[in-house]
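To start, the structure under review is shown below, and the notes come after it.
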Ligand SMILES: NC(=O)c1ccc[n+]([C@@H]2O[C@H](COP(=O)([O-])OP(=O)(O)OC[C@H]3O[C@@H](n4cnc5c(N)ncnc54)[C@H](O)[C@@H]3O)[C@@H](O)[C@H]2O)c1
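Residue numbers (UniProt numbering): 1 to 301.
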């Protein structure tokens with residue numbers, strides 16, 4: 001039986017450990033050649049000693065697959081450009097980009113330093129935008145040369161970005177921004193043969209294993225629901241030709257469950273055909289809120 005990503009070239013950012021590593025291994029198992037990017041930073045973004053992407057490349061090669069390591073910072077233009085160039089120079093093509101790299105600096109917002117805000121928004125939001133922009137420029141050139149690709153981008157949001165999460169205002173803002181970026185990229189790039197979707201995963205990685213220890217711990221036996229490998233099949237399918245026609249969507253994925261997230265849509269509304277007074281607004285807004293659905297609960301409340 002032919003494998004789902006045979007012949008495709010896939011870039012995965014932040015793939016030295018955690019979810020990105022699982023995605024890289026899963027793509028390779030489906031026949032893709034993988035560019036394994038990781039800057040090798042600590043959980044809060046401080047520089048780390050080793051280059052974890054090399055170990056994942058060794059794992060892929062040991063299993064008979066093809067991969068190369070890339071150790072650049074995806075939140076810089078030079079890092080993002082060299083990442084796309086690594087795929088093109090080594091394998092001669094690029095089919096799928098999985099934006100996954102990131103780190104946390106959690107604090108209640110009154111204690112959040114400007115640096116913690118900037119670092120987290122930068123790594124997630126700019127770290128999605130720059131690889132996406134460089135990959136899209138390549139695909140646009142391909143499309144204009146008459147070679148319409150079956151290109152795929154999978155972005156990584158979070159429940160924190162969709163519902164909010166106490167102690168994570170920087171992270172939640174960045175992950176909500178990634179949803180907005182996904183919607184615009186899907187709309188702008190469709191004409192070049194590029195589909196763009198986002199996932200909001202949950203899995204046991206160094207990001208979650210301590211904070212959510214009670215829900216993340218592996219069971220002694222049976223289905224290990226929080227293993228990062230459970231998230232990767234959806235990412236592989238979204239990154240494959242087989243997901244044709246699916247773009248601009250957000251999926252929550254955890255354990256054995258996949259959920260299509262339904263975004264902002266107009267709820268109860270009133271129009272009196274003239275300017276409201278603040279008093280009238282108050283009365284109307286309370287009535288509308290009474291008719292509206294209760295918002296999902298912010299994580300940590
Ligand atoms: N684990 C979860 O439950 C969960 C939930 C929601 C969202 N996410 C998101 O999934 C993604 C992966 O998270 P994870 O849990 O596997 O964390 P992780 O810390 O295990 O992996 C993230 C990797 O990104 C790398 N990285 C950080 N900054 C980088 C940069 N500038 N350039 C290149 N690489 C960089 C790190 O070195 C690390 O190896 C993140 O975007 C995270 O926000 C995770």
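Heads up, the beta-carbon is just placed ideally off N, CA and C, and yes, glycines get one too.
Closest to residue i by CA distance: which of the options is it?
i	options	result
residue 110	170, 230, 21, 290	170
residue 35	133, 243, 210, 58	58
residue 284	271, 8, 141, 146	271
residue 107	56, 123, 137, 44	44
residue 252	166, 234, 88	234
residue 207	248, 14, 296	14
residue 141	98, 118, 163, 192	192
residue 30	5, 124, 48	5
residue 126	105, 298, 100	100
residue 263	7, 122, 88, 161	161
residue 302	268, 33, 51	Because the chain is modelled from 1 through 301, residue 302 falls outside the range shown and cannot be assessed.
residue 18	86, 55, 132	55
residue 295	95, 267, 71, 278	267
residue 301	164, 60, 245, 215	164
residue 247	204, 299, 293, 179	179
residue 159	116, 128, 120, 203	203
With residue i as the anchor, note down where its alpha helix (DSSP H) starts and where it stops.
i	result
residue 129	127-144
residue 60	52-62
residue 216	213-216
residue 251	First-last for residue 251: 250-254, but that is the beta strand (DSSP E), not the alpha helix (DSSP H).
residue 21	18-29
residue 120	114-121
residue 163	159-163
So what's residue i in DSSP terms, helix, strand or just coil?
i	result
residue 84	helix
residue 107	strand
residue 229	helix
residue 277	coil
residue 191	helix
residue 236	helix
residue 178	helix
residue 338	Beyond the ends of the chain as shown, which are 1 and 301, falls residue 338; an answer cannot be given.
residue 184	helix
residue 266	coil
residue 200	strand
Terminal residues of the continuous beta strand (DSSP E) containing residue i?
i	result
residue 301	No beta strand (DSSP E) holds residue 301; DSSP gives it neither H nor E.
residue 97	96-98
residue 152	151-156
residue 70	66-70
residue 258	257-261
residue 11	9-12
residue 74	Unbroken run through residue 74: none, as it is neither H nor E.
When you compare the CB positions of residue i and residue j, do they come within less than 8 Å of one another, or not?
i	j	result
residue 243	residue 195	yes
residue 82	residue 69	no
residue 166	residue 200	no
residue 71	residue 20	no
residue 87	residue 9	yes
residue 92	residue 123	no
residue 28	residue 62	no
- Query: Are there three or more Cβ pairs, one per stretch, closer than 8 Å when the stretch 225-233 is compared with the stretch 141-153?
  - Reply: no
- Taking 8 Å as the threshold, find out whether the stretch 188-204 comes into contact with the stretch 150-159 through three or more Cβ pairs. yes
- Item | Sufficient close CB pairs (3 or more, under 8 Å) joining the stretch 126-141 to the stretch 172-189 | yes
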